[in-house]
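All you need for the numbering used here is the position in the sequence shown, starting with 1, plus 136. Note that CB positions come from ideal geometry on N, CA and C, so glycine has one too. Notes follow once the structure below has been shown.
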Amino acid sequence: MNKKLIRNIEKQKNLRKKKEEIEIELQLLVEEQEEIENLEVIMEFRSRKISLDEFLFIVRKNKEEENRERKELKRKDTNESEENL
Numbered sequence: 137m138n139k140k141l142i143r144n145i146e147k148q149k150n151l152r153k154k155k156e157e158i159e160i161e162l163q164l165l166v167e168e169q170e171e172i173e174n175l176e177v178i179m180e181f182r183s184r185k186i187s188l189d190e191f192l193f194i195v196r197k198n199k200e201e202e203n204r205e206r207k208e209l210k211r212k213d214t215n216e217s218e219e220n221l
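Written out as structure tokens, the structure is:
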């Protein structure tokens, strides 16, 4: 087999392996971020003098706002994609 072809195939294998390792590391970092954020939320709740119901209300409102923002971004992306066609 051609040496250039063999090197190319080997390079592809190595890059795929690196890609997989990076994806695993990224997933671990995302999970760690979520855990840290959860701990911050718990610490914030404990430091405040509010009831659990009030706290849950705040969290739900925040979640609703995030969902609205996500939908709006999706809508903008879709519109931009359609305009580019």
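It is roughly 11 Å from the alpha-carbon of I186 to the alpha-carbon of I194. Where R204 is concerned, the enclosing alpha helix (DSSP H) starts and stops at 188–220. In the structure shown, the three-state DSSP call for K185 is coil. Put simply, the backbone Cα of N220 is about 35 Å away from that of I145.
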